[in-house]
Structure formats: structure tokens, C-alpha cells
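Student:
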Amino acid sequence: MMDSGKPNVLPTGDTAKRCRRRLEVPLVRRPLSLSPEADSKLDDEIHSGTEAWPGDLASERGGALNYGFVSIMGRRRVMENAVTVVPPWRLAGKYSCFGVYDGHGGAMAAETCGERLHKCLERHIERTKKLPVERDFEWRKVMVDCLGGADHEEFWHEVEDRKGSSAAAVHRFTALVVVVGKEEVVVVNFGNSKAVLCRGGLAVPLSSDLKGERADEKVRADGEAVEGRTISWNVCSLSPLSTTSRSLGGEYRKQYIIKEPEVTVTKRTEQPDDFLIIATNSLWNVVGDKTACEVVKRYCVNGESRRLVSSEGSSTAAAASEAAAALAVLAIAKGSKHNISIIVVQLK
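The sequence shown begins at 1 in the UniProt record's numbering and counts up one residue at a time.
#1: When the distance is taken between beta carbons, is C198 closer than 8 Å to C293?
#2: Going by beta carbon distance, what residues of the same chain come within less than 6 Å of D180, once the five residues before and after it are set aside?
#3: Look up A175 in the DSSP assignment and say whether it is helix, strand or coil.
#4: At the level of alpha carbons, what is the spacing between L176 and N81?
#5: To which residues does DSSP link I342 through a beta bridge?
#6: Is E183 closer than 8 Å to R77 when the C-beta atoms are compared?
#7: Cβ of S208 within 8 Å of Cβ of V286?
#8: Taking DSSP as the reference, what is the three-state secondary structure of Y299?
#9: When the distance is taken between beta carbons, is V142 closer than 8 Å to I343?
#10: Taking 8 Å as the threshold (C-beta atoms), are S341 and G68 in contact?
#11: Pop quiz: V345 and L276 are said to be a contact at Cβ under 8 Å. What is the actual Cβ separation, rounded to whole angstroms?
#12: DSSP on K337, reduced to helix/strand/coil?
#13: Kindly give me the distance between the Cβ atoms of V301 and D274, rounded to whole angstroms, as I take these residues to be in contact under 8 Å.
#14: Just list the residues that DSSP pairs C146 with in beta bridges.
#15: Just reading off the beta strand (DSSP E) that K267 is part of, what are its end residues?
#16: According to the Cβ coordinates, are W89 and V265 closer than 8 Å?
#17: Provide the residue span of the beta strand (DSSP E) that contains R199, from first to last.
#18: Starting from the C-beta of T128, find all residues in its chain whose C-beta is less than 6 Å away, skip the five residues before and the five after it, and write them out in chain order.
#19: Between which two residues does the beta strand (DSSP E) containing V185 stretch?
#20: Give the straight-line distance between the Cα atoms of T280 and G74, rounded to the nearest whole angstrom.
#21: Let me confirm a value: K348 is counted as buried when at least 16 other C-beta atoms fall within 10 Å, else exposed. Which label applies?
#22: Residues in its own chain within less than 7 Å of E260 by CB, not counting five upstream and five downstream?
#23: Is the beta carbon of residue 386 sitting closer than 8 Å to the one on V100?
#24: Using the three-state DSSP reduction, which class does R272 fall into: helix, strand or coil?
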């Protein structure tokens, strides 16, 4: 949804109370630990379920990469989303990785993909240590390998072992993975979630909605080239589930879905990158990019956070967590009807 030009404010009064009640739920899991010693006890744990959590990740930029996230059921009866945060020491000390996964038909496949992704990334990044300095890291190839693996037989066997039933035929999910390094931000999009960078006060989308109604995606998903022409089979309109032209899983409609991610690499510039907003489409369907950045700016730049800071995180991390929660409240107030997962990452 585009910004309409009308002032967008956070809900107040009874509306705010009703929205906050949907956020006031117990935590179900802790975030990934930040030290190798502690991680031996919590290996491969991912953010999932209904949560709000601050954190900070050591980075090569001389400080901490602070983040906060929420992942809530919203108005749905079941939770099908998953969130991952991978600290840089797991990725050769160079990168931090954040991901949101939106399940359709269940959360198990999304959670399994989130758990496996960082292992694949870790292997690829370790190999870069052996590459010549002048050779670029092929992000697209790496991400196709890591996320494309979610269509391999081995992956679905693991999902079925966990769930105890056949999953590949009905379970599908979208994925948005953001890798933040010292010199670049890599975004890998398999679906309709989105990442927005606030740079110098401006909202800069780093990914686009890969929906079936988009002209270029419709041609790719529906079209078949015959003698220089394109014949459309209109498969993007066959099912109410066809809200995105790219996803993983869902064997029953696999022939209608594009299995390659959209990969973008954005170089970090001298102009300050303030923060990243990484969220499922349940936020972006009702809140525009500019409005989302303005809300986060209140907490992360203008210092409007009112929460007491616990020993679990810094004041900056707490501000990022509260900003993510504020966006979730706004999305619910504006009528979002799905699970909502939002990560706010401070870049300075």
C-alpha cells in the first residue's frame, strides 16, 4: 500500500489498548545466543512463535549491530511465521543474517528452512577465505543454492519427519533473507515480504513484492513463449493462495511458481544508513514504506522509547524492539488480518 499523504499516527485510546493486548503474550523462545560457548547449548535455535525481543550483534564496524523484532499471530488462530537472526561470529565474523519466513499451510517448513539456512551460508562464507582477493563473492549463486535447497527431497523428508505426515504437497512458504556486511546489504526475496532501508531520512525499498498481478511476474509465471509470442494460462488467478508468484514448497502447484529468488546487493555508502525494516507482507499491505520509517525513527533516532532497559540488551536494542512492536500495533489497527513478523536493525 502506498502512503496516501494523510498523516499516519499510532493508534490511541481504546484502539491502542485492543492492539496492545494482542502483543502482551508470553515469550515462547529465546533468540540465538551471542557467544560460541552459550550457543553450544542452544545450537540452531531460531526465533519463532509469538515474541518481542531486543538484541545486539558484534560487528566489524566497531560497535554493535542492534536489533529488535516481534513475531505474533495477529488476528489468525495459528502461527505460521518464523524469524531467524544469525550473529556474525557464525558467518566468519563478517556478516549478520536476518530472515522472515511466512508459511502457508503450516509453519514447519518455514521453521526448518530458517534453521538450515545459516548452516549453508556458513559453509559458503568459509570458502571465501580461500578465494583470491580480486574475486567477488557470488551472492546470487550462493543464495540460490541455500534457499533452492528447500525444494530438495532431503529437506522435505526432514519436514515430514518432524511433522509426522506428508508436508511437501501442501506446505509452502515465502522467505526474505537479509545479510548485512561492512560494505554491502544483500537481500534475497522468495515472495511478498519486503526489506526497506532508511538512508539519510529517506525510505529505500531493497526488494519488491513478487506478486502474480505484477506484469513481469505474470509473464514469468503464466506465460509460455510460442513463436515469439506469449500465451497466458492465467494460473496466477487459479487459487486464492496465489498472492505471490514466487515461493518454496507446495508440490500441488509447483508448476505455477517461480523457484528462483530475487537477489539484490546494495552497497553501503558514505551517506548514513540509519536502520533496516524487514517484515512480512502483513505489515506492508497496510503500512507504506515512508510511514514505517517515520515510526521507527521516533524510537531509534528521536529517542521516544519508554521501556526500562533490562540486562538482556542495550538501550538501543530496546528501542529497536519497541519500534518493531509499534509497527505491529499500527498494522493491527489498520486492519492486518495475518501473522505479523517484523525485524528492525540499527545500522549505526
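Where is the CB? At the ideal position from N, CA and C, for every residue including glycine.
Tutor: Taking the structure as given:
#1: Locating residue 293 in the sequence shown gives position 293, where the first residue counts as 1. Locating residue 198 in the sequence shown gives position 198, where the first residue counts as 1. In this structure, C293 places its C-beta atom within 8 Å of the C-beta atom of C198.
#2: Mapped onto the sequence shown, residue 180 falls at position 180. Position check: residue 180 holds Val in this sequence, whereas Asp was assumed. Excluding positions up to five away in sequence, the list reads S96.
#3: Along the sequence shown, one-based indexing puts residue 175 at 175. In this structure, A175 counts as strand in the three-state DSSP scheme.
#4: Locating residue 176 in the sequence shown gives position 176, where the first residue counts as 1. Locating residue 81 in the sequence shown gives position 81, where the first residue counts as 1. Looking at the two C-alpha atoms, the distance is approximately 12 Å.
#5: In the sequence shown, residue 342 corresponds to position 342, counting from 1. Looking at the DSSP assignment, I342 forms a beta bridge with V70, A279.
#6: The residue given as residue 77 occupies position 77 in the sequence shown. The residue given as residue 183 occupies position 183 in the sequence shown. Contact flag unset, no.
#7: If you number the sequence shown from 1, residue 208 lands on position 208. If you number the sequence shown from 1, residue 286 lands on position 286. Contact flag unset, no.
#8: To locate residue 299, count along the sequence shown from 1; it is residue 299. Of the three classes helix, strand and coil, the one that applies to Y299 here is helix, per DSSP.
#9: The residue you call residue 343 lines up with position 343 of the sequence shown. The residue you call residue 142 lines up with position 142 of the sequence shown. Contact: no.
#10: The residue you call residue 68 lines up with position 68 of the sequence shown. The residue you call residue 341 lines up with position 341 of the sequence shown. With respect to the 8 Å criterion, G68 and S341 are not classified as neighbours on the basis of their beta carbons.
#11: As a working note, residue 345 is residue 345 in the sequence shown. As a working note, residue 276 is residue 276 in the sequence shown. Contact flag correct, Cβ pair sits at about 4 Å.
#12: Working through the sequence shown from its first residue, we reach residue 337 at position 337. Look at K337 here: in three-state DSSP terms it is coil, with no helix or strand label.
#13: For the purposes of this step, residue 301 is taken as residue 301 along the sequence shown, with counting starting at 1. For the purposes of this step, residue 274 is taken as residue 274 along the sequence shown, with counting starting at 1. The pair is a contact, with the Cβ atoms about 6 Å apart (cut-off 8 Å).
#14: Along the sequence shown, one-based indexing puts residue 146 at 146. According to DSSP, which records beta bridges pairwise, C146 is partnered with nothing at all.
#15: Counting from 1 along the sequence shown, the entry for residue 267 is found at position 267. Unbroken beta strand (DSSP E) run through K267: 262-267.
#16: As a working note, residue 89 is residue 89 in the sequence shown. As a working note, residue 265 is residue 265 in the sequence shown. Not closer than 8 Å, so no.
#17: Sequence index remark: in the sequence shown, residue 199 carries index 199 (1-based). First-last of the beta strand (DSSP E) with R199: 194-199.
#18: For the purposes of this step, residue 128 is identified with residue 128 of the sequence shown, where counting begins at 1. Cβ within range, chain order: F137.
#19: As a working note, residue 185 is residue 185 in the sequence shown. Run containing V185: 184-190, per the beta strand (DSSP E) assignment.
#20: Here residue 280 is taken as the residue at index 280 of the sequence shown, counted from 1. Here residue 74 is taken as the residue at index 74 of the sequence shown, counted from 1. Approximately 12 Å, taken between the alpha carbons.
#21: In the sequence shown, counting from the first residue as 1, residue 348 sits at position 348. Counting Cβ neighbours within 10 Å, K348 comes out exposed, since fewer than 16 surround it.
#22: On the sequence shown, position 260 is the one that residue 260 refers to. Taken in chain order, the residues that qualify are V144.
#23: Past the edges of the chain, shown from 1 to 348, lies residue 386, and the structure says nothing about it.
#24: Residue numbering aside, residue 272 sits at position 272 when the sequence shown is read from its first letter. Checking the sequence shown, residue 272 turns out to be Pro, not Arg. Coil at P272, not helix or strand.
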